[in-house]
């Protein structure tokens, strides 16, 4: 997705209920994160800071970075109002050169890698993530499940121009978000499609060992709470790769 599109949509995006993200992705990330008291955590692509604040409440020392300056400003304002100590930093040009090597125990990237328009951009971001991690540090990466990306969820749908072809990579598709009333948001959000093989391969090439892989769908209690139609509960919405930086 183009940076200008994110900047222009920051306020709208930050106010959406984001149920699928919170109930599916956040839960899985926090479960994999486990006990994080005193750990240094980088939220890579932090958006409005919702996940960063949750990790902080569990005792982590959290830094959030995002390429969108308006998003960072929103996160800082929300954080200040909540009395949070999360540190938010604008990340120009996807570069982490303002962070020291080996400075984090964990890096979390939630719904970020699909936004890159090329494999090399993903590879570059993963190399930077690996650099700022301590030896043996963990990288928890959650992305839209590429095998089921054409099916959508109760609060969003994806639009493919020319049809969905799993083995064709790097092409853009539009994701249409819905607000709390189910009304679609008139904003042009774009992601890019890559296969699971590509995500695994790029993770390994960046200097990580893969510890775990999980496919993420709606938990039973969330289905009942939000009256999620059964049609959206028969397949995973997202995938999670839990990786560790080489210890050598």
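In our numbering, the protein residues as written are 4 to 251.
A virtual CB, placed ideally from N, CA and C, is assigned to each residue, including glycine.
Since the structure is predicted, the reported quantities are computational estimates derived from the model, not experimental observations.
* For residue 69, which residues from the same chain have a beta carbon less than 8 Å from its beta carbon, with the 5 sequence-adjacent residues on both sides left out? -> 48, 49, 50, 75, 78, 91, 93 and 94
* Asked: Could you give the distance in angstroms between the alpha-carbon of residue 198 and the alpha-carbon of residue 215?
  -> 17 Å
* Just checking, does the stretch 188–197 make contact with the stretch 223–235 on the three C-beta pairs under 8 Å criterion? -> no
* To do: Check whether the Cβ atoms of residue 145 and residue 99 sit closer than 9 Å, and answer yes or no.
  => no
* Helix, strand or coil for residue 217 per DSSP? -> strand
* May I ask you to report which of helix, strand or coil DSSP gives residue 150? => coil
* Contact check, residue 175 vs residue 213, beta carbons under 9 Å -> no
* Taking 9 Å as the cut-off, decide whether the C-beta atoms of residue 63 and residue 40 are in contact. => yes
* To do: Go through the stretch 221–247 residue by residue and report every complete run of the alpha helix (DSSP H) that reaches 4 residues or more, in order.
  => 223–228
* To do: Take residue 252 as the anchor and find which of 240, 162 and 43 has the nearest alpha-carbon.
  => No answer is possible for residue 252: the residues shown for the chain start at 4 and end at 251.
* Alpha carbon to alpha carbon, how far is residue 178 from residue 161? -> 4 Å
* **residue 129 and residue 203 closer than 9 Å at C-beta** => no
* Asked: To which residues of the same chain is residue 200 closer than 6 Å at the C-beta, ignoring the five residues directly before and after it?
  -> none
* Would residue 150 pass as a contact of residue 119 if the rule is Cβ separation under 9 Å? -> no
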